[in-house]
Amino acid sequence: MKTDRRTFVKTVAAGTAALGLPSWTRGAISTDRTPLVRVHHVPVPDFSWTNAHPGVESLLFRLASAGRRFYRTSLSHPLGGPQGMIGPHDVVCIKVNAQWKYRGSTNTDVVRGVIQRILEHPDGFDGEVCIIENGQGRGSLNCDTTGGCDGGTREVHANAENESHSFLWLVNELFQDPRVTAYELDDIRQTFINADDHVTDGYRTISDVSYPCFTSPKGNRIEFKEGIWTGSGHDSERLKWINIPTMKDHKDLNVTGCCKHIYGLITTWNEPLPHHDPTVAGQIIGQFYSLVRQPVLHLLDHIWVAHASLCGYPPDTTTRRDMLVAGFDPVAMDAWSARHVLYPISGDPAHDPDIPGWFRTYLLDTRDVLNANGGVDGGKPSTIDEADITAYHQDQRRMQVGVFVRGADVHVVWAGARPPYRIEKDADPTFPAPQVLAQAVWDREFVDPGAGGDGANWYYRVTGS
1475 MKTDRRTFVK
1485 TVAAGTAALG
1495 LPSWTRGAIS
1505 TDRTPLVRVH
1515 HVPVPDFSWT
1525 NAHPGVESLL
1535 FRLASAGRRF
1545 YRTSLSHPLG
1555 GPQGMIGPHD
1565 VVCIKVNAQW
1575 KYRGSTNTDV
1585 VRGVIQRILE
1595 HPDGFDGEVC
1605 IIENGQGRGS
1615 LNCDTTGGCD
1625 GGTREVHANA
1635 ENESHSFLWL
1645 VNELFQDPRV
1655 TAYELDDIRQ
1665 TFINADDHVT
1675 DGYRTISDVS
1685 YPCFTSPKGN
1695 RIEFKEGIWT
1705 GSGHDSERLK
1715 WINIPTMKDH
1725 KDLNVTGCCK
1735 HIYGLITTWN
1745 EPLPHHDPTV
1755 AGQIIGQFYS
1765 LVRQPVLHLL
1775 DHIWVAHASL
1785 CGYPPDTTTR
1795 RDMLVAGFDP
1805 VAMDAWSARH
1815 VLYPISGDPA
1825 HDPDIPGWFR
1835 TYLLDTRDVL
1845 NANGGVDGGK
1855 PSTIDEADIT
1865 AYHQDQRRMQ
1875 VGVFVRGADV
1885 HVVWAGARPP
1895 YRIEKDADPT
1905 FPAPQVLAQA
1915 VWDREFVDPG
1925 AGGDGANWYY
1935 RVTGS
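When we follow our numbering, the leftmost residue of the sequence shown carries the number 1475, and every step to the right adds one.
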């Protein structure tokens, strides 16, 4: 039950939560539909009290309610389940766009929120989160690339509320945690290595595409197709990839989104196929996703949309939309987002996936290569068609609440609205005589000691500002 700013949830003595968040399984959503989640009305994040990003929080809660849990864990948690995306020992590569700066790069505030969520894994997290990008010789994780359409300055202009908050600022200044690292692939883009070389940082090739192999700052040997090199073999399951592009205009392929984002993972040095040729782009993209690796999550950044420029500058070529979209099929993600976000802003037919053009061409070609090689998301067909995409929507202004029991304690967690929050409970779902557990709360979790073992059924209510 939901109102504009409240959500009611129930917990019983046995420790079950009545939020309606099913465990994350491959069968949780119909195999003939591609799930997609959009969060809208994302507010400017208030990082004065937390690294959590309000849009990311609402997105992960909505994904969980659609059957997709972020954490892989055996512990009870609204965002966790035994087949969740991220385990406590994983090495997680976050692929960003850092070939450009300004609004042409990935929003670092969003990346900040994703990293924070990983570090808060309910089992603890002793793996690594590594921000990566290959800007093909002109990238910069410091967001000071000279290819920023601003006359070639080395000024730092991150896509963030505070433009000094670059990707390297997140790593070196904010988190200052050995579990959070960054690796710029530009420096190894001309180095090619053999299958038995587990020391040299460089690229391997498969079919018409390439993929990076490198030792991370934490010492993990990441070989993007095979997994984590252990010294005697590969652990593919421990290597996870979260794809976080920003959707924008592109002069050659018309649109940059989840599909084309792999151009910052391959090397274009001495490539067998010209990657900016629209007639072969879909083959390159499809081969990478099919033959190398697929991400556990695509998160498409629509906080700002560069509707009329590749580099997100000057300002009049960008529009604020305050949306995030997540899913598991890059073709569906790009087609849906172009229809409902990019094209309505630009009015440029080149951004319309439903009319003939280079954008539609490479989407269809990517789809066909993917489906010829097993599809996406555990065997589902990739699609461009609106009728085959199930879209879930979440207004960030609405509360989302989950409960779980640890021992005898009830934990209440939430996303949505704004702090401060008020937490109440009652034995009656209509809350005729609520007990105020806390108010003026500036946090995302509250513990009700002993409430999980007192034999009573309790309803919880969280109210945001």
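From the three backbone atoms N, C-alpha and C, an ideal C-beta is built for every residue, glycine too.
Keep in mind that this is a model prediction, so the values were computed, not measured.
If you follow the alpha helix (DSSP H) that residue i is part of, which residue opens it and which one closes it?
i	result
D1900	Where D1900 is concerned, there is no enclosing alpha helix (DSSP H), although the beta strand (DSSP E) it sits in stretches over Y1895 to D1900.
V1843	W1832 to A1846
Q1650	Looking at the DSSP string, Q1650 is not in any alpha helix (DSSP H), and its letter there is neither H nor E.
L1593	T1582 to L1593
Give the range of the beta strand (DSSP E) segment to which residue i is assigned.
i	result
P1686	V1683 to T1689
Y1934	W1932 to T1937
A1780	L1771 to A1780
P1509	T1508 to H1514
E1919	E1919 to D1922
R1880	Q1874 to R1880
V1887	D1883 to A1889
A1912	Q1909 to V1915
M1797	T1793 to G1801
M1721	T1720 to H1724
I1819	Careful: I1819 lies outside any beta strand (DSSP E), inside the alpha helix (DSSP H) at Y1817 to S1820.
Should residue i go down as buried or exposed, given a rule of 16 or more other Cβ atoms within 10 Å for buried?
i	result
E1711	exposed
D1790	exposed
I1702	buried
N1847	exposed
T1620	exposed
A1669	exposed
Q1757	buried
E1700	buried
S1548	exposed
P1552	buried
T1840	buried
D1803	buried
V1518	exposed
Q1573	buried
Hey, how far is the Cα of residue i from the Cα of residue j?
i	j	result
S1764	T1679	14 Å
S1497	L1642	Because S1497 sits at a pLDDT of 28, beneath the cut-off of 50, its placement in the model cannot be relied upon, and the following sentence gives the value as read from the coordinates. Roughly 35 Å between the two C-alpha positions.
E1607	S1522	28 Å
P1752	V1884	54 Å
H1814	T1857	16 Å
L1593	D1583	16 Å
W1429	G1598	Residue 1429 lies beyond the range of the chain shown here (1475 to 1939); nothing can be said about it.
C1623	Y1933	55 Å
D1520	G1529	12 Å
G1587	V1843	33 Å
F1698	C1617	24 Å
Q1557	R1872	27 Å
R1536	H1867	8 Å
T1674	H1708	16 Å
N1694	V1565	8 Å
S1504	L1771	In this predicted model, S1504 has a pLDDT of only 39, less than 50, meaning its place in the structure is not dependable enough to derive any value.
Y1545	A1538	10 Å
G1561	W1715	12 Å
T1627	A1889	39 Å
P1596	R1542	16 Å
G1494	R1591	Any reading at G1494 is ruled out, since the residue's pLDDT is 32, under 50, leaving its predicted position unreliable.
L1648	G1852	36 Å
Q1610	H1750	13 Å
D1726	F1762	20 Å
W1690	N1646	For clarity, residue 1690 is Ser in the given sequence; the question names Trp instead. Between S1690 and N1646, the C-alpha separation is close to 15 Å.
Excluding the 5 residues preceding and the 5 following residue i in the sequence, name in chain order all residues of the same chain whose CB lies nearer than 6 Å to its CB.
i	result
D1928	none
E1637	H1631
Q1913	R1896
P1903	Y1933
K1575	C1617, T1619, G1622 and H1631
Output needed for residue i: all residues of its chain with C-beta closer than 7 Å, excluding positions within five of it in sequence on either side, in chain order.
i	result
L1816	M1721, V1729, V1779, H1781 and H1825
H1563	D1600, G1601 and R1712
A1907	D1900
P1652	K1692
L1911	I1897, E1898, K1899, F1920 and D1922
S1532	V1513, Q1868, Q1870, Q1874, A1889 and G1890
Ordered along the chain, which non-local residues of its own chain (more than five positions away) have a Cβ less than 8 Å from that of residue i?
i	result
A1812	M1721, V1729, G1731, H1825, D1826, P1827 and F1833
I1819	V1779, H1781, T1793 and R1795
A1806	T1508, L1510, S1856, T1857, I1858, D1862 and I1863
G1578	N1571, G1622, C1623, N1633, T1720, K1722, A1780, S1783, L1784, C1785, G1786 and Y1787
E1860	A1809, W1810 and R1813
L1837	C1733, G1756, V1805, D1808, A1809, P1827 and I1858
- Item | contact_flag[the stretch 1708-1728, the stretch 1553-1571] where n(CB pairs < 8 Å) is 3 or more | Segments in contact, yes.
- Message: With three or more beta-carbon pairs closer than 8 Å as the criterion, would you say the stretch 1768-1785 touches the stretch 1621-1639?
- Response: At 8 Å Cβ cutoff, the stretches touch.
- Using 8 Å as the Cβ pair cut-off and three pairs as the minimum, do the stretch 1741-1751 and the stretch 1659-1671 touch? In this structure the stretch 1741-1751 touches the stretch 1659-1671; the number of beta carbon pairs closer than 8 Å is three or more.
- Item | At least three beta-carbon pairs within less than 8 Å, the stretch 1731-1740 to the stretch 1677-1696 | With a cut-off of 8 Å, the stretch 1677-1696 and the stretch 1731-1740 count as touching, because enough Cβ pairs lie within range.
- Query: Is there contact between the stretch 1795-1802 and the stretch 1511-1531, where contact requires at least three CB pairs shorter than 8 Å?
  - Reply: Yes, the stretch 1795-1802 is in contact with the stretch 1511-1531.
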